[in-house]
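Engineer: Going by the working numbering, the residue at position 93 of the sequence shown is 80; the numbering climbs one at a time, nothing skipped. Don't be surprised by glycine CBs; every beta carbon is placed ideally from N, CA and C.
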Amino acid sequence: MARVSGVNLPNSKRIEYGLTYVFGIGLKTSRDILTKIGLDYNKRVKDLTDSEVALIDKEVTNNYVTEGDLRKEITLNIKRLQEIGCYRGLRHKRGLPVRGQRTKTNARTRKGPRRKGGAISLKRKVSKK
């Protein structure tokens, strides 16, 4: 089983897609890495030799920020925005969309599930006599 940046790559996948299991490496970056090393995209992860895995791991660790370091960098950037009190920081803090999307409808991914009683509680409740 190939291990790159502390992540086990799935054996049955092609190496170009297997590398995308590492946080911070997408398909484009994966292809760039393989082109630089000189490996075929169609090769399966289980068919890689130990030297090829070592080459990939060396390339990733030396030239790319991945996994824990990247997660830490992202959280520090968000924390910085919140501390300086800018608009984007406030949106992060409130759990609302950051990049200008509408919130009257949609935005359920950021806002979470609908809460009960929004407009209904404003209407007068009819009571039986």
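1. Buried or exposed: which applies to G87, given that a residue is buried once 16 or more other Cβ atoms fall within 10 Å of its Cβ?
2. Going by C-alpha distance, which of E70, E54, S17 and C73 is nearest G(-7)?
3. Alpha carbon to alpha carbon, what distance is there between K103 and L77?
4. Measure the alpha-carbon distance for A41 versus V47 and round it to whole angstroms.
5. According to DSSP, simplified to helix, strand and coil, what is V52?
6. Going by DSSP, which residues form a beta bridge with R(-10)?
7. Can you check the region 33 to 77 for any alpha helix (DSSP H) of at least 4 residues that lies completely inside it and give the ranges in chain order?
8. Buried or exposed, going by whether 16 or more other CB atoms sit within 10 Å of the CB of L21?
9. State yes or no: is the C-beta of S17 within less than 8 Å of the C-beta of L6?
10. Could you tell me if L14 is buried or exposed, where buried requires 16 or more neighbouring beta carbons within 10 angstroms of its beta carbon?
11. Looking at the unbroken alpha helix (DSSP H) that takes in L26, where does it start and where does it end?
12. Note the first and the last residue of the continuous alpha helix (DSSP H) segment covering R97.
13. Buried or exposed for L(-4), please, with buried defined as at least 16 other CB atoms from any protein chain shown within 10 angstroms of its CB.
Structural biologist: According to the structure data:
1. exposed
2. E54
3. L77 and K103: Cα-Cα distance of roughly 25 Å.
4. Rounded to the nearest whole angstrom, the CA to CA distance from A41 to V47 is 10 Å.
5. Here V52 sits in coil by DSSP.
6. As a beta-bridge residue in DSSP terms, R(-10) pairs with N(-5).
7. 37 to 50 and 54 to 71
8. buried
9. yes
10. Per the 10 Å Cβ criterion, exposed.
11. From DSSP, L26 is part of no alpha helix (DSSP H); its letter is neither H nor E.
12. R95 to K98
13. buried
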